[in-house]
Structure formats: structure tokens, C-alpha cells
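> Dropping a structure here in C-alpha cells format, bear with me for questions.
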Amino acid sequence: MFEGPFDLLLFFIERDELDIHDIPIFQITNEFVGYLQELEQLNIEVASDFILTAATLMRIKAKMLLPRVEKDEDGNEIDPREELVQHLLEYKKYKSAVPDLSEMEDQRMAQESRGNIHHELQQIANANHFEYELQDLSLYKIMRVFEKVMARYTEEQNRPKHTVIQYAYTIDEQRDIILSMVQQRNRLAFSKLIEEFPDKIGMIFNFLAILDMLQLNLIGVEVGDGFNDFIITEAEGQAAQVTQLLVQE
-13 MFEGPFDLLL
-3 FFIERDELDI
7 HDIPIFQITN
17 EFVGYLQELE
27 QLNIEVASDF
37 ILTAATLMRI
47 KAKMLLPRVE
57 KDEDGNEIDP
67 REELVQHLLE
77 YKKYKSAVPD
87 LSEMEDQRMA
97 QESRGNIHHE
107 LQQIANANHF
117 EYELQDLSLY
127 KIMRVFEKVM
137 ARYTEEQNRP
147 KHTVIQYAYT
157 IDEQRDIILS
167 MVQQRNRLAF
177 SKLIEEFPDK
187 IGMIFNFLAI
197 LDMLQLNLIG
207 VEVGDGFNDF
217 IITEAEGQAA
227 QVTQLLVQE
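Each residue of the sequence shown is one higher than the one before, counting from -13 in the numbering used here.
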């Protein structure tokens, strides 16, 4: 059994001492397909990459039978086997490195690990307050942590933010101001109050202060000339006395 289709092709080339740069595609294709047929007769499942390579070989074989020759931009004839040759050369290069890598692996496996490395790494982790032990770190874990940090950052950025604004008004202050204006003028149109405090927040605080004073019977309200206007008047009787006390305070 071979590790892959290129391993099988290299076997045929080396066995028959063929030139890898000038592969007899007819011979190689027939031997390759014949090997696959033998596997099928033995009820051995043929891997898909072997089938793909067989189809590629037959495609190259068919191209070489055609009288029409493909050419590149410079007018040079394109060899249908060129791509296959490049793949075989790359595979041969990596395959030649396998024995050296296997030897290095055997040497590394024969080495004994340091017995105190766990204790040293634990000391470093404790000294720097690491959440994870260094010996458990890997590139995958670092990438997972980075992914979680970025997801948390994105979530924080998209989370609704509530901003508390300190307004320049208070209901108590506006109540005192309105009481003072009513006492000076006896009658105060709400439209005039809007002229004094034209901004939206000021109008809201003034309206709330008026509602508060109405509930305490500190002022009276009369319908004005306009549809959306009304007149603020001084309260009478006991309410007027309460008004004087609030102003004095």
C-alpha cells in the first residue's frame, strides 16, 4: 500500500528508472489504472485522491493524443504533463525530508524532560498573577482568549449607554421664581413665563412647578386668551398666607 497517488507514481518512475521531467504518460497511466483495478478485485476501497489522479492522467493522455497543440502567451508549446511533473517534484522533495524528521523525532522522544519545569513555571505564574498556568498555554488557547476579549469589547460597544444629565433647574427654585413673578405682577401669563425660560427643559420644570403649587393651593389659574395659554394668579385667603411663608423661607 502507498501513502498516496504521488507515492505510487514515484514508485513506478523509480522502479523503471524513468525521467521525471519526461514521463511516458501512456505507460504510467496504464500501470496506475491497472493498480487501481487490482485493488478493486481485492475488495479494497480506493481512496478518492487515487481516483482523481487517475482521471488527471487520462485527461493528460487524451490531450497528448490531440493534434492541436496548446501554446502560452509567448507562443511556446505547453506540455500537458508540466503541472503533474511540478507536483511530483514537490512531493519528492518533501518525501526526502521525512527520514530526517523521523530521526529528529526519535531523538526528541529519547530525551528526558526536566523534572522541575512545572515548579518553575508555577512560581513565574504566581509572581505575575497569571490566571492560567504557563505550561497550559498554546497558540490555540491564546487565540480563543483573544476572540473572547474581542467579543466582549464588541458587546460593550453595542450595549445601550445611559447618560445622566444634571439640569440647571430644580422644581423648588422654579417655584420660588414663579411665585416672585406672580407677586410682582399679580397676573402672569404662561406665555410670558415661556419667554423668560424658552428652552424645553425650562418649560418642563416650570410646568411641573406650577402643578406642584396648584396642588398646594399656592396659586390660582385662569383660562387665558389663547387656546394654549393660561393666567397664573395669586392665591387667596389661607393659601396666600402659605405663599408668604414660603417666600420668607
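Every residue, glycine too, gets a C-beta built ideally from N, C-alpha and C.
Values in this document were obtained by computation on a predicted structure and should not be read as measured data.
Check whether the segment 166 to 178 and the segment 215 to 223 touch, using three or more Cβ-Cβ pairs below 8 Å as the test.
yes
> Between which residues of its own chain and I187 is the CB-CB distance below 7 Å, once the five residues before and five after are set aside?
Walking along the sequence shown from the start, residue 187 turns up at place 201. Excluding sequence neighbours, I187 sits near Y153, Y155.
> Beta strand (DSSP E) containing E208: first to last residue?
For the purposes of this step, residue 208 is identified with residue 222 of the sequence shown, where counting begins at 1. Unbroken beta strand (DSSP E) run through E208: 205 to 209.
> Using a 10 Å radius around the Cβ and a threshold of 16 neighbouring Cβ atoms, would you call M129 buried or exposed?
Residue mapping note: residue 129 aligns to position 143 of the sequence shown, counting from 1. It is exposed - the Cβ of M129 has fewer than 16 other Cβ atoms within 10 Å.
> From L70 to P146, what does the alpha carbon distance come to, in whole angstroms?
For the purposes of this step, residue 70 is identified with residue 84 of the sequence shown, where counting begins at 1. For the purposes of this step, residue 146 is identified with residue 160 of the sequence shown, where counting begins at 1. When rounded, the distance between both Cα atoms is 59 Å.
> Is the segment 14 to 21 touching the segment 29 to 44 in the sense that three or more CB pairs, one from each, lie closer than 8 Å?
yes
> Between the beta-carbon of L75 and the beta-carbon of L(-5), is there less than 8 Å?
Stepping through the sequence shown from its first residue, residue 75 is reached at position 89. Stepping through the sequence shown from its first residue, residue -5 is reached at position 9. No, they are not a contact pair.
> Please list the terminal residues of the continuous beta strand (DSSP E) segment that includes R1.
The residue you call residue 1 lines up with position 15 of the sequence shown. Membership of R1 in any beta strand (DSSP E) is not indicated; the residue belongs instead to the alpha helix (DSSP H) covering -9 to 1.
> Do A195 and Q241 count as a contact pair if the criterion is CB distance below 8 Å?
As displayed, the chain neither begins before -13 nor continues past 235, which places residue 241 out of reach and without an answer.
> Could you please give the first and the last residue of the uninterrupted alpha helix (DSSP H) stretch that includes A83?
If you number the sequence shown from 1, residue 83 lands on position 97. Its alpha helix (DSSP H) spans residues 68 to 96.
> If you draw a straight line from the C-alpha of M90 to the C-alpha of P(-9), how long is it?
Position 104 of the sequence shown, counted from the first residue, corresponds to residue 90. Position 5 of the sequence shown, counted from the first residue, corresponds to residue -9. The straight-line gap from Cα to Cα measures roughly 26 Å.
> For R173, which of helix, strand or coil comes out of DSSP?
As a first step, residue 173 is located in the sequence shown; it is residue number 187 there, counting from the start. It is a strand residue.
> Cα separation between A137 and K127?
Stepping through the sequence shown from its first residue, residue 137 is reached at position 151. Stepping through the sequence shown from its first residue, residue 127 is reached at position 141. Spanning the two alpha carbons is a distance of roughly 15 Å.
> Which residue comes first and which comes last in the beta strand (DSSP E) that contains F216?
Taking the sequence shown and counting its residues from 1, the one referred to as residue 216 is at position 230. Taken as a continuous stretch (DSSP letters only), the beta strand (DSSP E) holding F216 covers 216 to 220.
> Alpha carbon to alpha carbon, what distance is there between P66 and E56?
Looking up residue 56 in the sequence shown gives position 70. Looking up residue 66 in the sequence shown gives position 80. Straight-line Cα distance between these residues: approximately 9 Å.
> Hey, could you find the ends of the alpha helix (DSSP H) E24 is sitting in?
Taking the first residue of the sequence shown as position 1, residue 24 is located at position 38. If you look at E24, you'll find it in the alpha helix (DSSP H) that goes 11 to 27.
> Would M50 be called buried (16 or more neighbouring beta carbons within 10 Å of its own) or exposed?
Mapped onto the sequence shown, residue 50 falls at position 64. The residue is exposed, with fewer than 16 neighbouring Cβ atoms inside 10 Å.
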